[in-house]
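Engineer: A single structure is presented below for examination.
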Amino acid sequence: MQQLADKLIQIIPHPGFIPDEYLYVGIQLAFALLVLMLFVAPFAGIVSWVERRIAARMMDRVGPNRVGPQGFLQWLADGIKSILKEDIVPTAADPILFRLGPYLVFVGMFIAFVVVPFSSKLVIADLNVGIFYLVAVTSLVTVGILMSGWGSNNKYSLLGGMRSAAQIVAYEIPAGLAILVIVFLSGSLSMQGIIAAQGAYPWQWFLFDNPFTLVTFFLLFIAALAEGNRAPFDMPEAESELISGYSTEYSGMRFVFFYFEEWANIYLIAAVSTTLFLGGWQIPPAVREWATAIHALLPDLLEFVTFFLKAAVLIFVVIWVRWTLPRVRVDQLMILCWKYLVPLGFACVLGTGLWMLLFPTGLPVVRYLLVGGAAVTFGYFFYRVWYQLKAARVEIHLNPFV
Amino acid sequence: MSELHTQEMLLNMGPQHPSTHGVIRFVVKTDGEVMSTAIPDVGYLHRSIEKIAEKATYHGFMPWTDRVDYLAAMNCNYTYALAVEKLSGIETSRRAEYLRVISMELNRIISHLLAVGALGMDVGAYTPFIHGLREREKVNDLIEELCGQRLTYNYARVGGVIYDMPSGWAEKVLAFLDQFAPMVDEFNRLLTDNKILKNRLGGIGVISKEDAIAYNLVGPNLRGSGLKWDLRKDLPYSVYPEFEFDVPVGTGEAGTLGDCFDRYMVRIREMGESVKILRQCFEKIPSEGEPQVKVPKKIRPPAGEIYVRTESTRGDLGCYLVSDGGDKPYRLKFRAGSFNAMSIVEKVSRGMMVADLIAFIASLDIVAPEIDR
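Quick look at the structure:
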């Protein structure tokens, strides 16, 4: 980002009396706005469409397919509809908390994007405490949800808000432990630093560094799902038990804010997992040389695409899990966290520490074995999916005009 | 310093609550997530169907029977028709009885599909519900071909059934059965074998055999508690004795005997048994016989009373019919299982969690119009 800003300052004509620091800040802010307005916000909208289409395909439904090609503009139509809707604040609700809740949720999620490294240069601010910052600011979401739940003056909302607080506080511990493992390995809290410590090929990723990191990946993924209130841990807005919990009383755009947060959150879950375990934006050096020869900006683009694709795969997994699994009960959720994930997290931290002590340069054999094992597992998995799809393809007799 | 104390919270679950399918209301007292009681409050859907019967002729009341239990209209049709036939001494043809059994067993399959699908939805799995509805649509197509309706089926008549089955219909049903049997397996892979579902349902809402009898539970809810009691076997009616099928009972495979999972599993297995019965029906159905025997335009049964019971999809469906010799019923009373299923909620729900109550209600498969007609 700094190099980019340096270049821009040289290019942009500006009067001499403005100090360069101000310009840096200006460029930084402009870029942050650009990322939020042109990438995150539309992306969250598009994820809503993607989710509905994938869910529909899983359920043998059609899903939105009228507005735009294949219903692609449905999210825009829904957004416009929500803005036009009446903004209702229930009479008995706490007006300040009720109004403030969605904004906190929104802000808590979106300022986390400040440290998401979309490529080696495309990052709003590469903080040296990046991952720590991310964990800290996403906690604002809990405050927002709790505020909305309490402020709604609705018993279901209150239960939803309380569940959310309990859940997010609990799951921050396994998530923190999982992040600690990566901090051990990379020796850095900066998101770019963590990616730089990995390589482009799977056996250079932290995911396959040692058996403990493989476990840690799943640990982090589960904890992130729970922190993001995604199924099967969508306890705060369990629609069949709590009638959407904390968002019951919200209408129109305020309601959309919560879902906006959720969809942006899916990307955040995917992006963090990609950064920590899947090598982030790393592209092979040979490809980088080839791309640089063609155009100076092409490597950046390739990096962005790599990061995006890795995140997209994880986004699909998040959506897929949501539309497959039943919801766990609130006590089962806590049992899973405190009895299984937290001890497992400590085991992973200790294990990785021990591993680093015994094999300071890593064990290439183990890495290759892990990559091979994962490849075989994936191969078998896709074979099973293909087999099931074939077996399930029966002729459906659906004629409404018999 | 005063001691910390908790305050009980009064929650109204329903009638608008998404998991109180239909209009059911529970007054729930909770201390946070744990409930102290859930008291059912019935009477939201009362439509005086039984009173209407006193104003309608015996034939004319037939379409009202669909509304008693809109998910098992065929069974309700049949139960009423059976009561009128028994009271007035009308004999139907064997072919008509076969057609009635075919229609009722198809109805049982789709009712159970909705029950298990909705249970999945209530514990948070939306996809299996839609898969259940998809299969249900196929049967709805078949039933529409048979009798013309897609929800409040109206097929049985006093003295038989209204139409014979259309030509080629039997093949279509058999083709459906061929693809439906593997679909149940797929449904099981998707939902039943899921660890989360087993943990959500196992050991929850346990109804002991004694309680089930004491509270007069019927159908899958009773069988889920381990009691092998099925009117099709134990008090046979129609042509059911001619078929071979099993009566699935709860086995306590996910925890305790009589928990939500047992009731769920009974329904899953009953769908398989219905497929067996249907296959035998199409093998054995006599080729001749009127779909409906000649019955007078105005039935006037001799003065007297009758009580018939059939095994509907939600269990023992009773019809008590009193005649004073006129052309309208003097008194009609349906006895349905959902009301009793509601009554046990208060006892079982003590100390449950809110999320468990949803699963428990769903596992009882309550249909609101059946609670209060």
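Read top to bottom, the protein sequences are chains A and B.
So for the first sequence, this note's numbering puts the first residue at 1; every next one is plus one.
So for the second sequence, this note's numbering puts the first residue at 403; every next one is plus one.
We put the beta carbon where it would ideally sit given N, CA and C, even for glycine.
For clarity, every value in this text was computed on a predicted model and none was experimentally measured.
Can you list, in chain order, the residues of its chain with a C-beta nearer than 8 Å to that of F401 (chain A)? Leave out the 5 residues immediately preceding and following it.
Structural biologist: Reliability of the predicted coordinates at F401 (chain A) is poor, the pLDDT of 49 falling under 50, and the value obtained from them is presented with this limitation in mind. Closer than 8 Å at the Cβ level, and outside the excluded window around F401 (chain A), lies no residue.
Engineer: Can you give the Cα-Cα distance for A291 (chain A) and G279 (chain A), rounded to whole angstroms?
Structural biologist: Cα to Cα, A291 (chain A) sits roughly 19 Å from G279 (chain A).
Engineer: Mind listing the chain B neighbours of Q332 (chain A)? Cutoff is C-beta to C-beta under 7 Å, in chain order.
Structural biologist: N601, listed in chain order.
Engineer: If you follow the alpha helix (DSSP H) that C549 (chain B) is part of, which residue opens it and which one closes it?
Structural biologist: Residues 529 to 549.
Engineer: Taking the straight line between their C-alpha atoms, what separation do you get for G353 (chain A) and W323 (chain A)?
Structural biologist: Taking the straight line from one Cα to the other gives about 37 Å.
Engineer: Give me the Cβ distance between F208 (chain A) and L100 (chain A), rounded to the nearest whole Å; I'm assuming they're in contact under 8 Å.
Structural biologist: The Cβ separation is near 44 Å, so there is no contact.
Engineer: In this structure, what does DSSP give as the bridge partners for A440 (chain B)?
Structural biologist: According to DSSP, which records beta bridges pairwise, A440 (chain B) is partnered with B:V430.
Engineer: If you draw a straight line from the C-alpha of K390 (chain A) to the C-alpha of R57 (chain A), how long is it?
Structural biologist: The straight-line gap from Cα to Cα measures roughly 15 Å.
Engineer: So, at 7 Å on beta carbons, what are the nonlocal neighbours of G626 (chain B) in its own chain, with the 5 sequence-adjacent residues on each side left out?
Structural biologist: Answer for G626 (chain B): G652, G660, D664, R665, V668, listed in chain order.
Engineer: Closer than 8 Å, CB to CB, is T529 (chain B) near chain A or not?
Structural biologist: So yes, T529 (chain B) belongs to the interface.
Engineer: So within the segment 701 to 766 of chain B, which uninterrupted alpha helix (DSSP H) runs reach at least 4 residues, ignoring any that extend past its ends?
Structural biologist: Listed in chain order, they are 739 to 750, 756 to 766.
Engineer: Along chain A, in chain order, which residues have C-beta atoms closer than 9 Å to that of G526 (chain B)?
Structural biologist: Here the neighbours are A231, P232, D234, A238, E239, S240, E241, L325, P326, R327, V328.
Engineer: Below 6 Å CB to CB, which residues in the same chain sit around A455 (chain B) once its five sequence neighbours on both sides are set aside?
Structural biologist: So the list reads F463, P731, L734, once near-sequence residues are dropped.
Engineer: Alpha carbon to alpha carbon, what distance is there between C662 (chain B) and L603 (chain B)?
Structural biologist: Going from the Cα of L603 (chain B) to the Cα of C662 (chain B) covers about 5 Å.
Engineer: L159 (chain A) CB to nearest chain B CB: under 8 Å?
Structural biologist: Closer than 8 Å: yes.
Engineer: Can a CB atom of chain B be found closer than 8 Å to the CB of D94 (chain A)?
Structural biologist: No, D94 (chain A) does not count as interfacial toward chain B.
Engineer: Whole angstroms are fine: how far does the CA of A757 (chain B) sit from the CA of G562 (chain B)?
Structural biologist: Distance between the alpha carbons of G562 (chain B) and A757 (chain B) is about 45 Å.
Engineer: Within a Cβ cutoff of 8 Å, which residues of the same chain sit near I773 (chain B), ignoring the five residues on either side of it in sequence?
Structural biologist: Within the same chain, I773 (chain B) has close Cβ partners I426, V444, L447, A738, S740, F741, M744.
Engineer: Which chain B residues are close to K155 (chain A), counting only those with a beta carbon under 7 Å from its beta carbon?
Structural biologist: In chain order: M411, L413.
Engineer: Determine, for V620 (chain B), whether the minimum Cβ-Cβ distance to residues of chain A falls below 8 Å.
Structural biologist: No, V620 (chain B) does not count as interfacial toward chain A.
Engineer: Listed from N- to C-terminal order along the chain, which residues in the segment 536 to 563 of chain B have their beta-carbon within a distance smaller than 8 Å of any beta-carbon of chain A?
Structural biologist: Result list: R536, E539, K540, D543, E546, E547.
Engineer: Taking only beta-carbon atoms, is L426 (chain B) less than 8 Å away from chain A?
Structural biologist: With the sequence shown as reference, residue 426 (chain B) is identified as Ile, and Leu is not the correct amino acid for it. Cβ-Cβ to chain A under 8 Å: no for I426 (chain B).
Engineer: By DSSP, does S513 (chain B) sit in helix, in strand, or in coil?
Structural biologist: In this structure, S513 (chain B) counts as helix in the three-state DSSP scheme.
Engineer: Counting along the chain, where does the alpha helix (DSSP H) carrying M667 (chain B) start and finish?
Structural biologist: Start and end: 662 to 686.
Engineer: What span of residues does the beta strand (DSSP E) with N65 (chain A) cover, start to end?
Structural biologist: Where N65 (chain A) is concerned, there is no enclosing beta strand (DSSP E), given that its DSSP letter is neither H nor E.
Engineer: What residues of chain A sit near G674 (chain B), judged by a beta carbon separation below 8 Å?
Structural biologist: Chain A residues near G674 (chain B): none, gap ~17 Å exceeds 8 Å.
Engineer: Take V89 (chain A) and list the residues in its own chain whose beta-carbon comes closer than 8 Å to its own, dropping the five residues that flank it on each side.
Structural biologist: Once the five neighbours on either side are set aside, the close Cβ partners of V89 (chain A) are P95, F98, R99.
Engineer: Using DSSP bridges, identify the partner residues of M411 (chain B).
Structural biologist: Answer is B:T432.
Engineer: For G379 (chain A), count neighbouring C-beta atoms within 10 Å of its own C-beta (all shown protein chains included) and say buried if the count is 16 or more, exposed if not.
Structural biologist: Classification for G379 (chain A): exposed.
Engineer: If you run the structure through DSSP and keep just helix, strand and coil, what is V620 (chain B)?
Structural biologist: Correct three-state label for V620 (chain B): coil.
Engineer: Pick helix, strand or coil for A447 (chain A), following the three-state DSSP scheme.
Structural biologist: Nothing in the structure corresponds to residue 447 (chain A), since chain A is present only between 1 and 402.
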